[in-house]
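In what follows, a structure is listed as structure tokens, so that the remarks can point back to it.
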Amino acid sequence: MMKEKSISASKASLVFFLCQMISALDVPLDSKLLEELSQPPTITQQSPKDYIVDPRENIVIQCEAKGKPPPSFSWTRNGTHFDIDKDAQVTMKPNSGTLVVNIMNGVKAEAYEGVYQCTARNERGAAISNNIVIRPSRSPLWTKEKLEPNHVREGDSLVLNCRPPVGLPPPIIFWMDNAFQRLPQSERVSQGLNGDLYFSNVQPEDTREDYICYARFNHTQTIQQKQPISVKVFSMDSLNDTIAANLSDTDIYGAKPVTERPPVLLTPTGSTSNKVELRGNVLLLECIAAGLPTPVIRWIKEGGELPANRTFFENFKKTLKIIDVSEADSGNYKCTARNTLGSTHHVISVTVKAAPYWITAPRNLVLSPGEDGTLICRANGNPKPSISWLTNGVPIAIAPEDPSRKVDGDTIIFSAVQERSSAVYQCNASNEYGYLLANAFVNVLAEPPRILTPANKLYQVIADSPALIDCAYFGSPKPEIEWFRGVKGSILRGNEYVFHDNGTLEIPVAQKDSTGTYTCVARNKLGKTQNEVQLEVKDPTMIIKQPQYKVIQRSAQASFECVIKHDPTLIPTVIWLKDNNELPDDERFLVGKDNLTIMNVTDKDDGTYTCIVNTTLDSVSASAVLTVVAAPPTPAIIYARPNPPLDLELTGQLERSIELSWVPGEENNSPITNFVIEYEDGLHEPGVWHYQTEVPGSQTTVQLKLSPYVNYSFRVIAVNEIGRSQPSEPSEQYLTKSANPDENPSNVQGIGSEPDNLVITWESLKGFQSNGPGLQYKVSWRQKDVDDEWTSVVVANVSKYIVSGTPTFVPYEIKVQALNDLGYAPEPSEVIGHSGEDLPMVAPGNVQVHVINSTLAKVHWDPVPLKSVRGHLQGYKVYYWKVQSLSRRSKRHVEKKILTFRGNKTFGMLPGLEPYSSYKLNVRVVNGKGEGPASPDKVFKTPEGVPSPPSFLKITNPTLDSLTLEWGSPTHPNGVLTSYILKFQPINNTHELGPLVEIRIPANESSLILKNLNYSTRYKFYFNAQTSVGSGSQITEEAVTIMDEGKMAGILRPAVGAGKGYSEILFATSPVMHTVRPTFYKVQPLYPRIRNVTTAAAETYANISWEYEGPDHANFYVEYGVAGSKEDWKKEIVNGSRSFFVLKGLTPGTAYKVRVGAEGLSGFRSSEDLFETGPAMASRQVDIATQGWFIGLMCAVALLILILLIVCFIRRNKGGKYPVKEKEDAHADPEIQPMKEDDGTFGEYRSLESDAEDHKPLKKGSRTPSDRTVKKEDSDDSLVDYGEGVNGQFNEDGSFIGQYSGKKEKEPAEGNESSEAPSPVNAMNSFV
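Numbered per the working numbering, the sequence shown finishes at 1343, counting up by one with no gaps.
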């Protein structure tokens, strides 16, 4: 058993090697070379195996072949030699094997029925054709028969038998009436596959005397007609009337009313039946049922699903049609007929057999003397076909022996062949359903190398594009190809060149310095030859000034520019398009050298204009849109679309043309510019209108071209500048006759979906393009450059065919031809496709990694052989991933990263690596099928880099002369940390910096206490980490030493966050600055920022100050809200560019958050600060009601009020009125004026104590609304006008330094640079 496996493996490797060798010896399709080389015969054209001929015409049996020397031809008939010279009616065409049998002299075609076979022979072998069976077509007349009328009761079923005569080929059946109109069919009435007409139940309207069955014989173009069949349906009402007229009044009998019946199958009969169909054919299954109401048919496949995309239902679902059947379609198919009274069913057992079909057809061999090769012939079928071999038309068992040949079943093995081994071999695969016959020659040649590419051929390409330089060659044995630069240059090697198997040299990216002479050298053991070609690399064509989008008013002028730059040796041509079509033929369009000008623009000029620049080597384009708008409105006549045309008339009816005329409708003040003619195809697409043509507005008749087999209706649409009219009423219908298709399918493609198949697809013809019924397609294919015969198959009206058993990724020639019941379309053009791709077999080798720096590496690899790609090379993929960090020694799962390099590239860069880490990578080649195997993993390491910034820096525990610094190590050390660097210097509020001090700290430290600092001084700190490579990025922070140890409680600890770009430092400032100033240096801020936000909070207000570094004239705003609340921030605008603000109307004892922003700086704002307002003040622990001065004051007020009331009472009794309001207005006291809406002053006497005691709002001048929000007009930039009487003085940093005072006038809030605070005064105003 092991021995057998070893032999099979060796055979497989031998076959693979020989296939590679054989493919290298394909003979190029060069006419001069083919004329010189000897070649055995090859059959190129032959008649079909089953050839039905027209008995009225000469019989032409085709047999064409090629070879060197030209072959001679002979024929056999019914297995014996056919002597053509002895039959005067038979001639052979010159230089051909085609026979012509002349039957015009009274000879009957039946005399030449038989089996014919052609042999083409020359000195190198003999090729034979298929067995061609000649049979004349037959269209016999209908046998005469007496047809009795059919009398049927309403509701009963009925079958009208057709029984057409047996013809060759079988006729096409259809039912018509005496007027040659097809009888209408429906779910109730339909034609069966056998031609009979079935009625599920008859109705009175089925009564008629002209049911006629027609048989059409396509080969002879004849139609035979059966005698008309009469059907008389008796309705129940008429039957009862007849009975009543013939019976006495006493009779009570009558016909029963129409009764409903459950379904009964009319065909097929019984409950089961069998059906055998061949692979690749169309399977048709039929079920027709009788019943009332009319039954509905449903189809299922027992134990499976009906094949998708290949299943169709015809004849109102009574016929199940499956196209391109295969063995998998075998099984039981069940049809069920159902109506409201019940159901019945029938099961059809389908068996799919298969005539032989190719898995691997034998291919021609071109060998050198002494070489080895194989012919392989593999076929499949059901049942399994038998394989037999012939050589030169003779069974190989009785053919002359050849010591270099050995037959092993379906394979012939050749070893050490000689020139006498040349022959043509035939492989025959047959079973009971058919046979396959293939010719394949073995041609042994000994030829020195030849280069077929013309000498000194000039190749021109554009820079930065691929350059392909040909070196077509032939020789036996296969020559080796080498390329040289120049005449005596060195041999070309390296990654910058690609050497193809056909000798072509590819320069993937040609540069200007690639210009020059290239020499191709071909050598084998019989000789050597060379050829020189020239390469020129040109500069690319560019549009340096492109057309721009324009909006132009009507009647104005529009101009588009298109300035180009090109290689001086190339001559460019500039083409302008409008909406991807040629420019209108209008003198308003002026095309200049570098521009397009449109004069007097109209609405029609609206669209996209494209400038296309073409040279012989490249093409570039640029587009712009022109939008036409209305000019300023002027009084004008009202225009409207035209009315639809009237009175459409068809005249001059011909097969391919007709004349249409009409009467125009009203123009509606805008002349009709043109008429659009549309048509409807009532036969294929009823209700769908298509564009036919258009004519000028002055024309009212048009000659229309027509297609065959279309039921035409026409309509006309009028067009003016306003728009299109409604369509006219349709014309009368006109049905054209059928004809051969005029065109073939478009967009033919061949792309394999699997490694062993070829999927041929095309765009099917539309209904009217079929030109007749029975549209089908003839699909043909053959392997390119192998001299194979065309393999053809006729398929139904589909758009895809799959060829199985193909080699992996080889080119094929493909063509698809349309045909219908009347014949074929013209010969189609050929396209090139490829069989399916398979995954690449080989991984890239010699993978090398060069580490460039700590974050970048370059990877190299050797390209895989193109043969092992087994598909279109798309590029290479590099998979790389981090294994571990060398600094932490901790492994973690990291996703693999993938980089794709397109084309045949052999190196690439790996960016974004992490320093001081270990990585792995592998490389894979990619084709259209997918990725090949991975190369072995390659390990590489990145060197150390500079670290990231420390993760955080906290400054805590401020004292008079010290600060405590705490920090976190860098998130990414990128190596081994060696130390930390701390720099710091004093800073004042005018951005002046003092001397810089630097300290180096060991890498294992995480905190430091700085001592001997100046008290009440702000310091700026710079902190970063170091590795052996250098210093990383630094973070900066600021902090202040305190002025007095006793004020530690007033200092809020700073909270510093790393990486935010700002500091969150909360502290209280001293009201006194240092008198001893160190040496400072003026420093310009590097970027805008708002920092050191400071708050001084009272009971219901807070003073906010900040420092700003950035452009002058910034407009600030303050946002605030309750801390921890999700409500939106409230915003207050700061007047001017001040660096302080007062928030008013706050709630006592509440924590607030605040931040400061600058308008116009991309939303730049500071960090959030927190503060808390003071608690509501008690009544100063003194009961004011017990104070003597207060009691005295209240008594005086009461006495005064009493006196005033007495005076008023007296004056009132005297009839006088006391003008209190006028006197108040005349002697207004500013302290007791009511609050005005514009200046916000207070109009009532108010005590500070009472305000602090009950917090009741003022009646008119309340500072704080009831919802405790601060209105915009209630805020100001100082504390003046408050009951507390702050005088509004601030330091330059905005901190509050004022004292309580009794001033009511506003004082300036800026420009005070004094270091001394004013003397305190009584904080409470006394009443006047």
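The beta-carbon is built from N, C-alpha and C at its ideal position, and this holds for glycine as well.
Only a predicted model underlies this, so the values are computations on that prediction, with no experimental measurement involved.
### Query
In the structure shown, what three-state DSSP assignment does residue 148 receive?
Of the three classes helix, strand and coil, the one that applies to residue 148 here is strand, per DSSP.
#### Entry: Three-state class that DSSP yields for residue 127 in the structure shown
DSSP places residue 127 in helix when its eight states are reduced to three.
### Message
With DSSP as the reference, identify every bridge partner of residue 240, one or two as the case may be.
### Response
Under DSSP, residue 240 takes part in a beta bridge, and its partners are 229.
### Query
Name the DSSP beta bridge partners of residue 887, please?
As far as DSSP is concerned, residue 887 takes part in no beta bridge.
### Task
Look up residue 782 in the DSSP assignment and say whether it is helix, strand or coil.
DSSP, read as helix, strand or coil, puts residue 782 in helix.
### Message
Counting C-beta neighbours from all protein chains within 10 Å, is the total for residue 116 16 or more, i.e. buried, or is it exposed?
### Response
So residue 116 ends up on the buried side.
### Query
Between residue 895 and residue 1110, what straight-line distance do the alpha-carbon atoms span, to the nearest angstrom?
Counting only the Cα atoms, residue 1110 lies some 54 Å from residue 895.
### Message
Using CA atoms only, rank isn't needed, just tell me which of 218, 226 and 223 is closest to residue 309.
### Response
Nearest neighbour of residue 309 by Cα position, chosen from 218, 226 and 223, turns out to be 218.
### Message
If I measure Cβ to Cβ from residue 563 and keep anything under 8 Å in the same chain, skipping five residues before and after, which residues do I get?
### Response
These residues qualify, in order along the chain: 575, 576 and 639.
### Message
Check whether the segment 804–817 and the segment 401–421 are in contact - that is, three or more C-beta pairs closer than 8 Å.
### Response
Flag = no, the segment 804–817 and the segment 401–421 do not touch.
### Task
Could you tell me the distance, in whole angstroms, from the CA atom of residue 652 to the CA atom of residue 836?
Our two residues, residue 652 and residue 836, have alpha carbons roughly 59 Å apart in a direct line.
### Task
Determine, using beta-carbon pairs with one atom in the segment 62–71 and one in the segment 149–159, whether at least three such pairs fall under 8 Å.
Short answer: they touch.
### Message
Taking 6 Å as the limit between beta carbons, can you name the residues of its chain near residue 875, skipping five residues before and five after?
### Response
Beyond the five residues adjoining it in sequence on each side, residue 875 comes within less than 6 Å, by CB distance, of 863 and 922 in the same chain, given in chain order.
### Query
Counting along the chain, where does the alpha helix (DSSP H) carrying residue 1216 start and finish?
Looking at the DSSP string, the run of the alpha helix (DSSP H) that includes residue 1216 is 1203–1228.
### Task
Measure the CB-CB distance between residue 672 and residue 741 and report whether it falls below 7 Å.
No, these two residues do not count as a Cβ contact at 7 Å.
#### Entry: residue 1345 - DSSP class collapsed to helix/strand/coil
The question about residue 1345 has no answer, for the chain in this structure spans 16 to 1343.
### Query
Are residue 396 and residue 347 close, meaning C-beta to C-beta below 7 Å?
Result no, Cβ atoms of residue 396 and residue 347 do not sit closer than 7 Å.
### Task
Compute the Euclidean distance between the alpha carbons of residue 1140 and residue 1168, then round it to the nearest angstrom.
Taking C-alpha positions only, residue 1140 is separated from residue 1168 by approximately 9 Å.
### Query
Can the beta-carbon of residue 643 be found closer than 7 Å to that of residue 616?
Cβ distance < 7 Å, so residue 643 and residue 616 count as in contact.
### Query
Would residue 496 pass as a contact of residue 518 if the rule is Cβ separation under 7 Å?
Contact: yes.
#### Entry: Three-pair Cβ contact test at 8 Å for the segment 81–96 versus the segment 167–180
Flag = no, the segment 81–96 and the segment 167–180 do not touch.
### Task
Return the first residue and the last residue of the beta strand (DSSP E) that residue 346 is part of.
Start and end: 346–354.
### Query
By how many angstroms is the C-alpha of residue 543 removed from the C-alpha of residue 537?
Distance from the CA atom of residue 537 to the CA atom of residue 543, rounded to whole angstroms, is 6 Å.
### Task
Tell me whether residue 527 is buried or exposed, calling it buried when 16 or more other Cβ atoms sit within 10 Å of its Cβ.
Counting every other CB atom within 10 Å of its CB across the protein chains shown gives residue 527 a total below 16, marking it as exposed.
### Query
What is the rounded straight-line gap between the Cα of residue 499 and the Cα of residue 484?
CA-to-CA, the gap between residue 499 and residue 484 works out to about 12 Å.
### Task
For residue 220, count neighbouring Cβ atoms within 10 angstroms of its own Cβ and tell me buried if that reaches 16, exposed if not.
Answer is exposed; the Cβ neighbour count stays below 16.
### Spatial distance of residue 140 from residue 313 (CA atoms)
Roughly 59 Å between the two C-alpha positions.
### Task
Note down, in chain order, each residue of its chain lying with its Cβ closer than 7 Å to the Cβ of residue 927, except the 5 sequence neighbours on either side.
Closer than 7 Å at Cβ, skipping near neighbours: 870.
#### Entry: Option in 222, 373, 1020 and 344 with minimal Cα separation from residue 167
Measuring from the Cα of residue 167, the nearest candidate turns out to be 222.
### Three or more C-beta pairs below 8 Å linking the segment 824–839 and the segment 771–788
In the pairwise beta carbon analysis, the segment 824–839 is classified as touching the segment 771–788: at least three pairs are separated by under 8 Å.
#### Entry: Alpha-carbon spacing of residue 688 relative to residue 586, whole angstroms
Spanning the two alpha carbons is a distance of roughly 40 Å.
### Query
Touch check for the segment 419–427 and the segment 468–488: three-plus C-beta pairs under 8 Å?
Contact between the segment 419–427 and the segment 468–488 is absent, with fewer than three C-beta pairs closer than 8 Å.
### Task
Determine the extent of the beta strand (DSSP E) in which residue 828 is found, giving its start and end residues.
Where residue 828 is concerned, the enclosing beta strand (DSSP E) starts and stops at 826–835.
### Query
By a C-beta neighbour count over all protein chains shown, 10 Å radius and 16 as the cutoff for buried, is residue 730 buried or exposed?
Label assigned to residue 730: buried.
### Task
Specify the secondary structure class of residue 1111 as computed by DSSP and reduced to three states.
Here residue 1111 sits in strand by DSSP.
### Message
On the DSSP letters alone, give me the boundaries of the beta strand (DSSP E) that residue 662 sits inside.
### Response
According to the DSSP assignment, residue 662 belongs to the beta strand (DSSP E) that extends over 661–666.
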